[in-house]
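Engineer: Position 170 of the sequence shown, counting from 1, maps to 191 under this note's numbering, and the rest follow consecutively.
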Amino acid sequence: MDVVQATNTEAKQRVQELRQLLQKASYAYYVLDSPIMEDAVYDQLYRELQQMENQYPELLTPDSPTQRVGEKPATQFISVRHNIPLYSLENAFNIDELKAWEGRWRRQAPNVGEVEYVCELKIDGSALALTYENGILTRGATRGDGVTGEDITQNVRTIRSIPLRLNVEGVERLYATSLQRIEVRGEAFLPLEVFKQINEERQKAGEVVFANPRNAAAGTLRQLNSRIVAKRRLDFFAYTLHIPGRDDASIANTQWEALKLLQQMGFRVNPNHKLCFSLQEVAEYYKYWDTQRLNLPYMTDGVVVKLNSFKLQEQLGFTQKFPRWAVALKYAAEEAPTRVENIAVNVGRTGALTPLAQMRPVQLAGTTVSRATLHNADRVAQLDIRIGDTVIVRKAGEIIPEVVQVLQELRPDDAQPFVMPSHCPVCSSAVVREMGEAVTRCVNASCPAILKGAIEHWVSRDALDIRGLGEKLVHQLVDREVVHSVADLYDLTEDKLCELERMGKKSAQKLVEATAQSKNQPWSRVLYGLGIRHVGSVNAQLLSEKFPTVEQLAEASQADIETVHGIGEEIAQSVHQWFRISANQTLISRLKDAGLQFASAMEATAVSHSHQKLAGKTFVLTGTLPTLKRDEAKALIQQAGGKVTDSVSKKTDYLVIGEDAGSKLAKAQELGIPQLSEGELLEMLQD
Ligand code: IVH
Numbered sequence: 022m023d024v025v026q027a028t029n030t031e032a033k034q035r036v037q038e039l040r041q042l043l044q045k046a047s048y049a050y051y052v053l054d055s056p057i058m059e060d061a062v063y064d065q066l067y068r069e070l071q072q073m074e075n076q077y078p079e080l081l082t083p084d085s086p087t088q089r090v091g092e093k094p095a096t097q098f099i100s101v102r103h104n105i106p107l108y109s110l111e112n113a114f115n116i117d118e119l120k121a122w123e124g125r126w127r128r129q130a131p132n133v134g135e136v137e138y139v140c141e142l143k144i145d146g147s148a149l150a151l152t153y154e155n156g157i158l159t160r161g162a163t164r165g166d167g168v169t170g171e172d173i174t175q176n177v178r179t180i181r182s183i184p185l186r187l188n189v190e191g192v193e194r195l196y197a198t199s200l201q202r203i204e205v206r207g208e209a210f211l212p213l214e215v216f217k218q219i220n221e222e223r224q225k226a227g228e229v230v231f232a233n234p235r236n237a238a239a240g241t242l243r244q245l246n247s248r249i250v251a252k253r254r255l256d257f258f259a260y261t262l263h264i265p266g267r268d269d270a271s272i273a274n275t276q277w278e279a280l281k282l283l284q285q286m287g288f289r290v291n292p293n294h295k296l297c298f299s300l301q302e303v304a305e306y307y308k309y310w311d312t313q314r315l316n317l318p319y320m321t322d323g324v325v326v327k328l329n330s331f332k333l334q335e336q337l338g339f340t341q342k343f344p345r346w347a348v349a350l351k352y353a354a355e356e357a358p359t360r361v362e363n364i365a366v367n368v369g370r371t372g373a374l375t376p377l378a379q380m381r382p383v384q385l386a387g388t389t390v391s392r393a394t395l396h397n398a399d400r401v402a403q404l405d406i407r408i409g410d411t412v413i414v415r416k417a418g419e420i421i422p423e424v425v426q427v428l429q430e431l432r433p434d435d436a437q438p439f440v441m442p443s444h445c446p447v448c449s450s451a452v453v454r455e456m457g458e459a460v461t462r463c464v465n466a467s468c469p470a471i472l473k474g475a476i477e478h479w480v481s482r483d484a485l486d487i488r489g490l491g492e493k494l495v496h497q498l499v500d501r502e503v504v505h506s507v508a509d510l511y512d513l514t515e516d517k518l519c520e521l522e523r524m525g526k527k528s529a530q531k532l533v534e535a536t537a538q539s540k541n542q543p544w545s546r547v548l549y550g551l552g553i554r555h556v557g558s559v560n561a562q563l564l565s566e567k568f569p570t571v572e573q574l575a576e577a578s579q580a581d582i583e584t585v586h587g588i589g590e591e592i593a594q595s596v597h598q599w600f601r602i603s604a605n606q607t608l609i610s611r612l613k614d615a616g617l618q619f620a621s622a623m624e625a626t627a628v629s630h631s632h633q634k635l636a637g638k639t640f641v642l643t644g645t646l647p648t649l650k651r652d653e654a655k656a657l658i659q660q661a662g663g664k665v666t667d668s669v670s671k672k673t674d675y676l677v678i679g680e681d682a683g684s685k686l687a688k689a690q691e692l693g694i695p696q697l698s699e700g701e702l703l704e705m706l707q708d
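(1) Indicate the three-state DSSP secondary structure (helix, strand or coil) for C12 in the structure shown.
(2) Once DSSP output is grouped into helix, strand and coil, what is the label at Q244?
(3) Answer yes if the stretch 112-120 comes into contact with the stretch 128-141, meaning at least three C-beta pairs across the two stretches below 8 Å, and no otherwise.
(4) Chain C beta carbons: is any one of them nearer than 9 Å to that of L296?
(5) Does the ligand IVH have a heavy atom nearer than 8 Å to the CB of G161?
(6) Please classify S629: does DSSP put it in a helix, a strand, or coil?
(7) Can you tell which of Y675, D681 and E701 has its C-alpha closest to the C-alpha of V695?
(8) Below 8 Å, is the gap between the Cβ of Y260 and the nearest heavy atom of the ligand IVH?
(9) Starting from the Cα of L211, find the closest Cα among G637, L282 and T321 and give me that residue.
(10) Which same chain residues, not among the five before or five after T96, have their C-beta less than 8 Å away from its C-beta?
(11) What residue ranges within the stretch 386-421 form continuous alpha helix (DSSP H) runs of no fewer than 4 residues, ordered along the chain?
(12) Taking its Cβ as the centre, do 16 or more other Cβ atoms sit within 10 Å of T666, making it buried, or is it exposed?
(13) How about T436 and I408: are their beta carbons less than 9 Å apart?
(14) Let me check understanding here. Comparing Cα to Cα, which of L315, N329 and Y319 lies closest to K295?
(15) Quick check: M521 and V533, are their CB atoms within less than 9 Å of each other?
(16) Could you round the C-beta distance between K327 and N112 to whole angstroms and report it? I think they count as a contact, below 8 Å.
(17) At the level of alpha carbons, what is the spacing between G663 and V559?
(18) Who are the near neighbours of T720 in its chain, counting only those whose CB is closer than 7 Å to its CB and skipping five residues on each side?
(19) Taking the straight line between their C-alpha atoms, what separation do you get for V36 and T312?
(20) Is there at least one non-hydrogen atom of the ligand IVH closer than 8 Å to the beta-carbon of K308?
(21) How would you call K685, buried or exposed, if buried means at least 16 neighbouring beta carbons within 10 angstroms?
(22) If you follow the beta strand (DSSP E) that R462 is in, where does it begin and where does it stop?
(23) Taking the C-alpha atoms as reference points, what is the distance between R235 and A32?
(24) Taking only runs that begin and end inside the stretch 143-215, name each unbroken alpha helix (DSSP H) of 4 or more residues, in chain order.
(25) Can you give me the C-alpha to C-alpha distance between T643 and E701, rounded to a whole angstrom?
(26) Which residues does DSSP list as the beta-bridge partners of I678?
(27) For N155, collect the residues of the same chain with a Cβ closer than 7 Å to its Cβ; drop the 5 residues on either side in sequence, then sort them by chain order.
(28) Tell me the DSSP secondary structure of E624 in three-state form.
(29) Using 8 Å for Cβ pairs, my map puts Q618 next to V547. What's the rounded Cβ distance?
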């Protein structure tokens, strides 16, 4: 055979080998928690696979480990109907209620004797329904209302513990059945550590924090930009396996076996499930996990008790809302009453004024709680919380405490309503609350509170990463008026630093060095470090790729900025406005003089090259395109240097056609103008 084909066969083999290796490594790392290779080795193999797939695009498949994060953010999610509805569970809050549940199902099945129960932890996240066809993940959907959910496949693919390809060969061999289509259900959740980290970042960025990991997981799953989802490190525990025709009982007869099967297929199954032979054993399991759950790295709010036998499950069936064969045995959320002694106001990095309830200390979930954020003036009004009120605070596990209720009947006559101050409690300048915004802000750029936050953000790990400049030191620098702007950090000398409290010569020297080092950080990090509202590290990366120099970004119109995929109107407006403020222009010029990176050489050539791709070409669009909106297609063509006009003429180079193309198509055919589908257009842009 000729050489090309031989090479292709070799390439195919190597690609398959690499995928298998990477899949195994990923499974060991994310599902089994026991890595089988060094990160560096994994990275090297991953890069090799990426290179091969670039070289042989015909070998690319959607289940390749390189295809977890899609390039293009979604514009919206499509509604999907669940083939089998996702039921919720009936709650029981104590052992008596558990016994009552048993009584109910036994009345339905009076002849059943002793039974087995499977106890699982109830993971506090967001339910997902995953469809696999011939072993490949084809759809991931949210629960929605149980009947209709949303197709969030692109985001589901970023969850590393969800296999893109099932390990079905072994299973099929074992059961001599082909698993053409299966549905797996389970809970997507955020590990507590990640939840904490996200909230810290949101707080720093002046955004409202998530109240609990469940909201954070649900919010993350509905993010349109899957790159952001990938950064959030969601995880997944599988708990239900639906195989059409499972009643032939050749595959799994029980929930216990189904959990085993899910594991064999490559899913992460929560290891703490237990087979119980009496309600007494179930009660012991429930009691054990009441305290032990606080040591888990994720949130659980109860135990799910399921009858093990599928036959019995089928016999019992469902009520309108719940299966009769399962119950959620919940732990009471940790709540306690306490008195609000004051409502203070905190000023954050972006100038956001946050009301903070200061309460008589109470013990909750093993910690002392004396403060709870009230988020904003709207939330205060909604709760109708006043100084002197008795309130119920809730805290579960490591979750930030929340005021959930005001006990109106205990309100003293002298309870003081909260009024959002008209002036900043830190710098006394007037505050503003824009129309349609929940947040009240101090807008004085030199407000010490804002400046402190701005510096802490500038030096943080994902920004300029200047080690040795902790919170206390930042406060000293601002309070002693040594630093009035981020740019002043670059004028700090060892002598100046040594005048500060608890600052030795060695630390001062190290800090000056670290500050100087930060001048090598790339433009994307500098952009993130500037702390422009809504510009987190992912958006900064996206913007810096499209605008390789600060001048290009500063001069871009809001519409230009919006052409970046993943950057919506709100972000674009925030960036555009930021560059119009003269204090910010001065800051940029001072930082430039100090030697910071405001351009990226490599990105500059890459982008200018991409501008050439469609240079001089004129396009006309007609009909509805399968995925791109008209404006998006137009923006893509323009970004690559092409022109888009409304009507077909001899000057038109290409007609891009979608569904229901009208008279423009006839005209183009008449003039012999080449036609492109959306796919062909995208290929052209990628060439
Ligand atoms: S079984 C029909 N098992 O709890 C069976 N659910 O309150 C329904 N959940 O919507 C689900 N951990 O999102 C099941 N081990 C577990 C679970 C679990 C968490 C969630 C699930 C469900 C909700 C019901």
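Backbone N, C-alpha and C define an ideal beta-carbon position, used for all residues, glycine too.
If you're wondering where the values come from, they're calculated on a predicted model, not measured in any experiment.
Structural biologist: Judging by the given coordinates:
(1) Not covered by the structure: residue 12. The range shown for the chain is 22 to 708.
(2) On the sequence shown, residue 244 is found 223 positions in, with the first residue counted as 1. DSSP places Q244 in coil when its eight states are reduced to three.
(3) no
(4) In summary, chain C is missing from the structure at hand, where a single protein chain is found.
(5) In the sequence shown, residue 161 corresponds to position 140, counting from 1. G161: no, Cβ never under 8 Å from the ligand IVH.
(6) Counting from one through the sequence shown, the residue named residue 629 turns up at place 608. Legend: pLDDT at S629 = 45, less than 50; position of this residue unreliable, value from coordinates given subsequently. Of the three classes helix, strand and coil, the one that applies to S629 here is helix, per DSSP.
(7) Working through the sequence shown from its first residue, we reach residue 695 at position 674. The sequence given here places Pro at residue 695; Val does not occur at that position. With distances taken between Cα atoms, P695 lies closest to Y675.
(8) On the sequence shown, position 239 is the one that residue 260 refers to. Indeed, a heavy atom of the ligand IVH lies less than 8 Å from the Cβ.
(9) Here residue 211 refers to the residue found at position 190 of the sequence shown. Here the closest residue by C-alpha is T321.
(10) In the sequence shown, counting from the first residue as 1, residue 96 sits at position 75. For T96, where only same-chain residues beyond five positions count, the Cβ hits under 8 Å are L245, K650 and E653.
(11) 398-404
(12) As a first step, residue 666 is located in the sequence shown; it is residue number 645 there, counting from the start. Looking at its Cβ environment, which holds fewer than 16 other Cβ atoms inside 10 Å, T666 is exposed.
(13) Taking the first residue of the sequence shown as position 1, residue 436 is located at position 415. Taking the first residue of the sequence shown as position 1, residue 408 is located at position 387. Looking at the sequence itself, residue 436 is Ala, so the reference to Thr does not match. A contact, by the Cβ cut-off of 9 Å.
(14) Reading the sequence shown from its first residue, position 274 is the one you call residue 295. Of the listed residues, the one whose Cα sits closest to K295 is N329.
(15) By one-based count along the sequence shown, residue 521 stands at place 500. By one-based count along the sequence shown, residue 533 stands at place 512. The question names Met, but residue 521 in the sequence shown is Leu. It is not a contact, given that the beta carbons lie outside the stated cut-off.
(16) By 1-based counting over the sequence shown, the position of residue 327 is 306. By 1-based counting over the sequence shown, the position of residue 112 is 91. The pair is not a contact, with the Cβ atoms about 14 Å apart (cut-off 8 Å).
(17) The residue you call residue 663 lines up with position 642 of the sequence shown. The residue you call residue 559 lines up with position 538 of the sequence shown. Distance between the alpha carbons of G663 and V559 is about 27 Å.
(18) Outside the shown range of the chain (22 to 708) lies residue 720, about which nothing can therefore be said.
(19) Along the sequence shown, one-based indexing puts residue 36 at 15. Along the sequence shown, one-based indexing puts residue 312 at 291. Rounded to whole angstroms, V36 to T312 spans 48 Å at the Cα level.
(20) Along the sequence shown, one-based indexing puts residue 308 at 287. For the ligand IVH, not one heavy atom lies less than 8 Å from the Cβ of K308.
(21) The count along the sequence shown starts at 1 and reaches residue 685 at position 664. Per the 10 Å Cβ criterion, buried.
(22) Counted from its first residue, the sequence shown places residue 462 at position 441. Looking at the DSSP string, the run of the beta strand (DSSP E) that includes R462 is T461 to C463.
(23) Here residue 235 refers to the residue found at position 214 of the sequence shown. Here residue 32 refers to the residue found at position 11 of the sequence shown. Rounded to the nearest angstrom, the two C-alpha atoms are 44 Å apart.
(24) 174-177 and 189-196
(25) Working through the sequence shown from its first residue, we reach residue 643 at position 622. Working through the sequence shown from its first residue, we reach residue 701 at position 680. Distance between the alpha carbons of T643 and E701: 14 Å.
(26) Residue numbering aside, residue 678 sits at position 657 when the sequence shown is read from its first letter. Per DSSP, T643.
(27) As a first step, residue 155 must be located in the sequence shown, where it is residue number 134. Closer than 7 Å at Cβ, skipping near neighbours: Q201.
(28) Along the sequence shown, one-based indexing puts residue 624 at 603. Residue confidence is low: E624 scores 43 on pLDDT, short of 50, so the model does not pin down where it sits. Its coordinate-derived value is still stated next. E624: helix per DSSP, three-state reduction.
(29) As a position in the sequence shown, residue 618 is number 597, starting the count at 1. As a position in the sequence shown, residue 547 is number 526, starting the count at 1. Right, the Cβ-Cβ distance comes to about 6 Å (below 8 Å), so this counts as a contact.
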